[in-house]
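Student: Below is a structure I'd like to ask you about.
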Amino acid sequence: MDEYAFKTIIDKDNNTILGAHLIGPHCEETINLFAMAIKTKMTISDLRTMIFSYPTMASDLTYML
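So that you can map any letter, position 6 of the sequence shown is 6 in this note's numbering, and since no number is skipped, the others follow by simple counting.
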């Protein structure tokens, strides 16, 4: 099993992501999702309702919020 580490910075006033740090294999897949969420100002609630293919690192996104 691949291991990774992450840090997500969230604006609790408006429930959006300000930034994210990811380290580990296949992080390039997930960091793009964070970039999209930041650019479009998606809320944490919006991201938690999205469905991702499994098993992928992107499917772990909801646990990173």
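Beta carbons are placed, not taken as given, at the ideal position from N, Cα and C, and that holds for glycine.
Suppose you measure from the CA of residue 7 to the CA of residue 53; what does that come to, to the nearest Å?
Tutor: Rounded to the nearest angstrom, the two C-alpha atoms are 22 Å apart.
Student: From residue 9 to residue 46, what does the alpha carbon distance come to, in whole angstroms?
Tutor: Whole-angstrom Cα-Cα distance: 16 Å.
Student: With the cut-off set at 8 Å, would you say residue 74 and residue 58 are in Cβ contact?
Tutor: Only positions 1 to 65 of the chain appear in this structure, which leaves residue 74 out of reach.
Student: Starting from residue 16, trace the beta strand (DSSP E) in both directions and tell me its first and last residue.
Tutor: Residues 16–23.
Student: Run through DSSP, which three-state label would residue 8 get?
Tutor: Three-state result, residue 8: strand.
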